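Asker: I have a structure I would like to understand better, so I am pasting it below and will then ask my questions one at a time.
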Amino acid sequence: MYGKFKAVVLIWKLNNEDEHLEKIENTDLKPIGNKLLKWYEKNARDLPFRQTKDPYKIWICEIVFQQTRINQGLGHYTNFIERFPDVKTLAEADENEVLLYWKGLGYYSRAINVHKAAQQIMNDYDGIFPHEYEEILKLKGVGKYTAAAVSSICFNGRVPAVDGNFYRVLSRIFADDFDISNSKAFNYFSELAHLILPENVGDFNQAMMDLGSEICKPKNTLCGECPLNQDCIAFLTNKVYEFPVKTKKIKAAGLELKYYFVHRNGEFLIQQRKDDFIWKKLFEFPPEISDELVPFIKSVKTVNHKLTHKNLNIEIYNVEVGSEEAWKHFIAENDYIISDYESSHQKSFPKPLENYIGNYHTAYRIL
DNA sequence: AATTCGGGGAT
DNA sequence: ATCCCAGAATT
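Quick note on full-length UniProt numbering: the first sequence kicks off at 1 and runs consecutively.
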């Protein structure tokens, strides 16, 4: 067979049509990485975390932007760094406040893990962010990608930070149909990346992200402006949109939830979610009520949420408790938090409260 | 090895 | 509607 990477073979074929396959081993692909670096010097996006090599800030930004578009997470990143400017501040913070700053960003275990990892750094590393890839990898919520990113950007580690952009860019350059859904894809594309890896790996990793985001996009690529278009087998053979190859299918599912907006005199009840399923440890209205409150149900409305690959349908029951007796009894019987519209903003709801109970002026009348 | 965790933007 | 995104943890 061809050897380790059929991509290398393809490039070799383009350049050495009549030569023997042994030439493969001598194929030098480093110019590709250096071209990318040169492009990055002039075309790097101006992002807040590009001005620093503080491992704390780079780490936080890598966590925030996992599976998250830059524009979506920028505000959260800025607010988070402002409130928790260093490891110590984060480690000493209350978990619920960390969650508050993560509100609306999704994947809430990231917030829980980033908080734990900060305490990990204080306890296990004397408050000094670990420099070695293998040590960074031990931090809660830090996987191979994030460890590689922090290591390369902050500590000159020679590790490609293989993410979705790497899959897309590399699979196109090499017209490589390796299935990116395969669990071996990370290692496969890591090795592929090493073929073009330049000296400055930190910039290279960020350059790949910028190229993937601005030029080598999933759709509407700007191949004409791509610094690597003459190295890209997919472009040269007009097959850009055939890569990357991804086989896994997404199954659609529905989810129905019920909430009870139990209120009296401007106060209402909330509680904190468990550490499992969605919206880990965020706050919400009670999902059920006791029979004694059923007579106080005045109306119901439906709210639709978008949840990845799921249609989420929420029914919100408006329970206006007229009887102080029933109100106090219900509170005593259950472990609920009494809140109001203003103070609830200091809690981490999955969505802004307006999504459930209307805006400020109609908060108690909309249902 | 497969599934699950979000929310928003683009198409 | 469908797909994707600076992925990681869990099963």
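Backbone N, C-alpha and C define an ideal beta-carbon position, used for all residues, glycine too.
Quantities reported herein were computed from a predicted structural model and do not represent experimental measurements.
#1: Since residue 296 contacts residue 321 with CB under 8 Å, what's their CB separation in whole angstroms?
#2: In terms of DSSP beta bridges, what is residue 310 paired with?
#3: Measuring straight from C-alpha to C-alpha, what distance separates residue 253 and residue 277?
#4: For residue 119, collect the residues of the same chain with a Cβ closer than 8 Å to its Cβ; drop the 5 residues on either side in sequence, then sort them by chain order.
#5: Report the rounded CA-to-CA distance for residue 151 versus residue 308, giving the unit in angstroms.
#6: Does the ligand SAM have a heavy atom nearer than 6 Å to the CB of residue 66?
#7: Measure from the alpha carbon of residue 314 to the alpha carbon of each residue in 226, 256, 237, 140, then state which is nearest.
#8: Where does residue 344 land, buried or exposed, given buried means 16+ other C-beta within 10 angstroms?
#9: If we count the other Cβ atoms within 10 Å of its Cβ and call it buried at 16 or more, is residue 146 buried or exposed?
#10: Taking the C-alpha atoms as reference points, what is the distance between residue 228 and residue 36?
#11: With a CB to CB cut of under 8 Å and the five nearest residues on each side skipped, what residues in its chain are close to residue 292?
#12: Which runs of the alpha helix (DSSP H) spanning at least 4 residues fall entirely within the UniProt domain "HhH-GPD" (64-214), listed in chain order?
#13: Mind checking residue 169: buried by the 16 CB within 10 Å criterion, or exposed?
#14: Among 340, 176, 77, 205, which one has its Cα closest to the Cα of residue 156?
#15: Rounded to a whole number of angstroms, what is the C-alpha to C-alpha distance between residue 356 and residue 349?
#16: In this structure, how does DSSP classify residue 45 when only helix, strand and coil are distinguished?
#17: To the nearest angstrom, how far is the alpha carbon of residue 23 from that of residue 29?
#18: For residue 207, collect the residues of the same chain with a Cβ closer than 8 Å to its Cβ; drop the 5 residues on either side in sequence, then sort them by chain order.
#19: If you follow the beta strand (DSSP E) that residue 324 is part of, which residue opens it and which one closes it?
#20: Relative to the C-alpha of residue 173, which residue among 162, 193, 112 is closest?
#21: Do residue 243 and residue 171 have their C-beta atoms within less than 7 Å of each other?
#22: With a 10 Å radius around its C-beta and 16 neighbouring C-beta atoms as the bar for buried, classify residue 163 as buried or exposed.
#23: From the DSSP output, read off the bridge partner residues of residue 264.
#24: Compare the C-alpha of residue 166 against each of 353, 212, 67 and name the closest.
#25: Short of 7 Å in beta carbon distance, which residues of its chain neighbour residue 186, apart from the five on each side in sequence? Order them along the chain.
#26: Measure the C-alpha to C-alpha separation of residue 247 and residue 275 and round it to an integer number of angstroms.
#27: Closer than 6 Å by C-beta to residue 300: which residues in its own chain qualify, once you throw out the five before and the five after it? Chain order, please.
#28: Looking at the structure shown, is residue 297 part of a helix, part of a strand, or coil, going by DSSP?
#29: Can you tell which of 54, 56, 46 has its C-alpha closest to the C-alpha of residue 71?
#30: In whole angstroms, what is the alpha-carbon distance linking residue 260 and residue 302?
#31: Which residues does DSSP list as the beta-bridge partners of residue 315?
Answerer: So, from the listed chains and residues:
#1: Between residue 296 and residue 321 a beta carbon distance of about 5 Å is seen, short of the 8 Å cut, so the two are scored as contacting.
#2: Paired residues: 253, 307.
#3: 15 Å
#4: 91
#5: Distance between the alpha carbons of residue 151 and residue 308: 31 Å.
#6: The model depicted lacks the ligand SAM and carries no ligand whatsoever.
#7: 256
#8: buried
#9: buried
#10: 7 Å
#11: 326, 329, 330
#12: With a minimum length of 4 residues, the unbroken runs of alpha helix (DSSP H) contained wholly in the UniProt domain "HhH-GPD" (64-214) fall at 70-83, 87-92, 95-102, 109-124, 133-136, 144-155, 164-173, 185-194, 201-214.
#13: buried
#14: 205
#15: 10 Å
#16: DSSP, read as helix, strand or coil, puts residue 45 in coil.
#17: Reliability of the predicted coordinates at residue 23 is poor, the pLDDT of 44 falling under 50, and no value is obtained from them.
#18: 36, 37, 39, 40, 44
#19: No beta strand (DSSP E) holds residue 324; the alpha helix (DSSP H) holding it covers 324-333.
#20: 193
#21: A contact, by the Cβ cut-off of 7 Å.
#22: buried
#23: As a beta-bridge residue in DSSP terms, residue 264 pairs with 267.
#24: 212
#25: 144, 162
#26: 31 Å
#27: 315, 317
#28: strand
#29: 46
#30: 12 Å
#31: 258, 302
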